[in-house]
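Everything on this sheet refers to the single structure shown next.
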């Protein structure tokens, strides 16, 4: 999957705050994600996140 820093992911299950939206802060063997609802940050393995993605909204490039 082509996921970059700044992209917004919609996951299949909600965060306890009720938000399905996450912002990608770091990409690599694992992702650092920030909840769009409450701002909580998590680190999660790439394989786990890729299984749970429902939609990817690409970040606007500043060129």
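Numbering (the working numbering), first residue to last: 236 to 298. Here a beta-carbon is modelled for each residue, glycine too, at the ideal position from N, C-alpha and C.
* **Contact test: residue 245 Cβ vs the ligand FMN heavy atom, cutoff 6 Å** => In the structure on display, the ligand FMN does not appear, and there are no ligands present to speak of.
* For residue 262, does the three-state DSSP call read helix, strand or coil? -> coil
* Would residue 270 be called buried (16 or more neighbouring beta carbons within 10 Å of its own) or exposed? -> buried
* **Beta-carbon proximity check, residue 277 vs residue 244, cutoff 7 Å** => No, the pair does not count as a contact, with Cβ atoms beyond the cut-off.
* Contacting residues, own chain, Cβ-Cβ under 7 Å from residue 293 (five flanking each side not counted) -> 242
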